[in-house]
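In what follows, a single structure is set out as structure tokens and then discussed.
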Amino acid sequence: MAAIPLTARGAKRLEEELHRLKTIERPNVIEAISEARAQGDLSENAEYDAARERQGFIEGRIQELEGTLANAHIINPAELEVDDRIVFGATVTIEDLGSSETVTYQIVGDLEADIRQNLISVSSPVARALIGKSEGDVVMVNVPAGEKEFEIIEIAYN
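What follows is the structure, encoded as structure tokens:
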């Protein structure tokens, strides 16, 4: 399996989720299954069916997280020699030259991306256009709304 790029923060978040699933969610669902079994006839027991379904989801997610973390390549942008260029993990402030709006994104792995937290996937059109560029560069990006022009205002590696 190929290495999965993650930031240190993203890896920590996945490890915390795995820990919660193993120490809290798994025991809770086992308890729920046990209580549902104690009610008798399992063929018409909705609580039992729901608990088993939840257990399947939890076990599947545990396997997914363990596989991801086993194949993770954790990248700390602060430790990279980047010559002031945008790389995976960099936090970039850009200005939309059409609207003069500025926004700050961190370029992260596909599994970490969350636009609500301004974490964009390294494979997104914006990130692909920014990778390798420097402060002051202007890039053209094809986005769903059409082509946009951005100026790179600041790059941070934290």
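Just so you know, the sequence shown maps onto residues 348 to 505 in my numbering.
Built from N, CA and C at the ideal position, the CB exists for glycine as well.
Beta-carbon spacing of residue i, residue j below 9 angstroms
i, j, result
"Ala437", "Ile462", "no"
"Gly456", "Glu496", "no"
Closest by C-alpha distance to residue i, when choosing among the options
i, options, result
"Asn423", "Ile502, Gly493 and Pro352", "Pro352"
"Ile500", "Lys480, Leu368 and Ile421", "Lys480"
"Gln410", "Arg373, Leu466 and Ser470", "Arg373"
"Val439", "Ser468, Ile421, Phe404 and Glu413", "Ser468"
"Ser471", "Asn505, Phe435 and Ile502", "Phe435"
"His366", "Gly493, Asn489, Leu412 and Tyr504", "Leu412"
Whole-angstrom distance between residue j and residue i, CA atom to CA atom
i, j, result
"Val473", "Leu458", "17 angstroms"
"Ile371", "Glu363", "11 angstroms"
"Gly483", "Arg356", "28 angstroms"
Three-state class that DSSP yields for residue i in the structure shown
i, result
"Asp430", "coil"
"Asp396", "helix"
"Glu364", "helix"
"Phe404", "helix"
"Ser470", "coil"
"Asn465", "coil"
For this session: Would you be able to state if there are at least three C-beta pairs under 8 angstroms between the segment 372-385 and the segment 417-430?
Result: Too few Cβ pairs lie closer than 8 angstroms, so no.
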